[in-house]
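Chemist:
4 protein chains.
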Amino acid sequence: MNIIITNNTNQPLYEIVYEQITTQIITGKLPAQFCLPSIRGVALELSISVITIKKAWEMLERQGFIYTIAGKGCYVATLTADERNNKRIELATAKISSSIGLMKSLELSKADIISIIKDIY
Amino acid sequence: MNIIITNNTNQPLYEIVYEQITTQIITGKLPAQFCLPSIRGVALELSISVITIKKAWEMLERQGFIYTIAGKGCYVATLTADERNNKRIELATAKISSSIGLMKSLELSKADIISIIKDIY
Amino acid sequence: MNIIITNNTNQPLYEIVYEQITTQIITGKLPAQFCLPSIRGVALELSISVITIKKAWEMLERQGFIYTIAGKGCYVATLTADERNNKRIELATAKISSSIGLMKSLELSKADIISIIKDIY
Amino acid sequence: MNIIITNNTNQPLYEIVYEQITTQIITGKLPAQFCLPSIRGVALELSISVITIKKAWEMLERQGFIYTIAGKGCYVATLTADERNNKRIELATAKISSSIGLMKSLELSKADIISIIKDIY
DNA sequence: GTGGTCTAGACCACT
DNA sequence: GTGGTCTAGACCACA
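Protein chains in written order, with the numbering used here: chain D, 41 to 161; chain Z, 41 to 161; chain B, 41 to 161; chain C, 41 to 161.
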């Protein structure tokens, strides 16, 4: 498991952590039944408050990415390839949707947007 | 000048106002030298604090979209068609860039993203 | 008499007008006894409020640069070459003094400042 | 960190604070990664409104002197000696430039200005 | 009338 | 506790 904190944006820390774990689960880098390291361990390693990590873990559980066994640890949930792909599309669509409104009011056509993406991807 | 406040997101008010004015200037809906209504006027009309509008106006001035004459009013700056187009691309690129990182870590190809955009635009 | 308004700074209009007239008197471009155009005329020509010009004229009179004959007009006062030179040095010194504090706290030496001036003059 | 408020001029409070912090960062009195005291703390200590301090802090962040981690604090940015020196020259040059126009219209030579500086520094 | 600054509160999200 | 945002007043200088 790899988490990289680069706080150049205003995104809250717990969201950064959450996003990185979800992408690793969706892309299969973290396999089903994988046992996540302890909250306290991650917090120490990243020099982040335990509470912040806890919040990320809670979001992961709420979204069905992990499950907790009290007293033992947190494990990556079992997701079918389809489920993972749906989550992938869902996440990506949500992210892009939030920009579409501005694009439209800037009177950028679909082609304009695609050309920008081709430039920066 | 039209400003519509729909506070369904967590975006700060001053940023919503800022974004709407910039798009109207960029798309030419607000012509050069246009005298914006007074800060207090806008604040009253939108039922928003004077200071919040002031902050949006300051951002507009810093980005070169308007200029202020103290005691007189605020005016839309003169921008060439090229300058306006650059701003347009700049804004759009910045917005999209912030999503590209996630797309890549989700292992979505350029084609995947374009297909999503075609769906939701 | 020439007044050029370029409102790229935050300096109040009346101060801009005041400064331009004084420099023209000090450098002899406006000779003693020269009859200034009417306040209303200047205001019209520069598209500035009469009140603003009046304020500048009052400052000029208070500083002894002009004198008013009620019902006739405003005239440039008679200043000896020495008096004019003193005003010149006075104005320049005042302007520079306001920057010296910052220079010192930036730990710039006298030589540093002089080198900057040589660069930008 | 030392801030001294001497409001004998018309300079806005937030600008006074901003200028003092920048000079302390530029001259190395505030080292990189130094954690600035909390906005509310400074506000209390100086008997200044929180918002005024906030405005100064925002200017500092915009100019790259500090960076903010919401919920944690504000830290002095890491600047190389070169960067700090450039900022120093930049600030000084900007300040002096604003006086040069008047000097020229007063027909003061470069030598005249240098002689004035030698007098008052 | 305008913008420029400032105050003294407040609530929220994040650590 | 921290910063981020916002409100509802106020006074001033400028036009």
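Built from N, CA and C at the ideal position, the CB exists for glycine as well.
Starting from Asn-154(Z), trace the alpha helix (DSSP H) both ways and give me its first and last residue.
Modeler: Residue identity check: residue 154(Z) is Ile in the sequence provided, not Asn. Where Ile-154(Z) is concerned, the enclosing alpha helix (DSSP H) stretches over 150-160.
Chemist: Determine the DSSP secondary structure at Leu-76(B), reduced to helix, strand or coil.
Modeler: Leu-76(B): strand per DSSP, three-state reduction.
Chemist: Just mark Gln-51(B) as buried or exposed, buried being the case when its beta carbon has 16 or more other beta carbons within 10 Å.
Modeler: It counts as exposed.
Chemist: According to DSSP, simplified to helix, strand and coil, what is Gly-113(C)?
Modeler: Gly-113(C) falls in the strand class under three-state DSSP.
Chemist: Within the 8 Å Cβ cut-off, does Arg-128(D) reach chain Z?
Modeler: Output row for Arg-128(D): interface = yes.
Chemist: Taking CB distances under 8 Å as the criterion, tell me whether Glu-147(Z) reaches chain D.
Modeler: Yes, Glu-147(Z) lies at the interface with chain D (some Cβ there is under 8 Å from its Cβ).
Chemist: Do we get a CB-CB distance below 8 Å when we pair Ala-132(C) with the residues of chain B?
Modeler: Output row for Ala-132(C): interface = yes.
Chemist: Mapping DSSP to helix, strand and coil, what is Ile-56(D)?
Modeler: Note: Ile-56(D) maps to helix in three-state DSSP.
Chemist: I'd like to check one pair, Leu-119(B) with Leu-146(C): are the Cβ atoms closer than 8 Å?
Modeler: Against a cut-off of 8 Å, the Cβ pair of Leu-119(B) and Leu-146(C) comes out as no contact.
Chemist: Could you confirm whether any beta carbon from chain Z is found closer than 8 Å to the beta carbon of Leu-142(D)?
Modeler: It does; some Cβ of chain Z falls within 8 Å.
Chemist: For Thr-63(C), go through chain B and note every residue whose CB falls closer than 9 Å to its CB, in chain order.
Modeler: Those are Leu-142, Ser-145, Leu-146, Glu-147, listed as they occur along chain B.
Chemist: Between Ser-139(B) and Ile-91(Z), what straight-line distance do the alpha-carbon atoms span, to the nearest angstrom?
Modeler: Each residue's alpha carbon lies about 31 Å from the other.
Chemist: Looking at Leu-86(Z) and Met-41(Z), is the spacing between their C-beta atoms short of 8 Å?
Modeler: No, they are not a contact pair.
Chemist: Should the region 54-62 of chain B be called in touch with the region 59-67 of chain Z, which here means at least 3 C-beta pairs below 8 Å?
Modeler: Too few Cβ pairs lie closer than 8 Å, so no.
Chemist: Which bits of chain Z does Thr-67(D) rub up against, with CB to CB less than 7 Å?
Modeler: The answer, in chain order, is Leu-146, Glu-147.
Chemist: Give the interface partners of Glu-59(D) over in chain Z, defined as CB-CB distance under 9 Å, in chain order.
Modeler: The answer, in chain order, is Leu-142, Ser-145.
Chemist: Based on DSSP bridge pairs, tell me the residues matched to Ile-106(B).
Modeler: According to DSSP, Ile-106(B) bridges with Val-116(B).
Chemist: Here's the rule: buried if 16 or more other CB atoms are within 10 angstroms of the residue's CB, otherwise exposed. What is Thr-63(B)?
Modeler: Per the 10 Å Cβ criterion, buried.
Chemist: Ser-87(Z) by DSSP, collapsed to three states: which one?
Modeler: It is coil, neither helix nor strand.
Chemist: Using a Cβ-Cβ distance cut-off of 8 Å, determine whether Lys-95(C) contacts chain B.
Modeler: No, its Cβ sits nowhere closer than 8 Å to a Cβ of chain B.
Chemist: To the nearest angstrom, how far is it from the Cα of Ile-156(C) to the Cα of Leu-142(B)?
Modeler: Using only the alpha carbons, I get a separation of about 17 Å.
Chemist: If you run the structure through DSSP and keep just helix, strand and coil, what is Thr-46(B)?
Modeler: Coil, per DSSP.
Chemist: Which residues in the same chain as Ala-134(D) place their Cβ atom closer than 7 Å to its Cβ, once the five residues preceding and following it in sequence are excluded?
Modeler: The answer is none, since no qualifying residue turns up.
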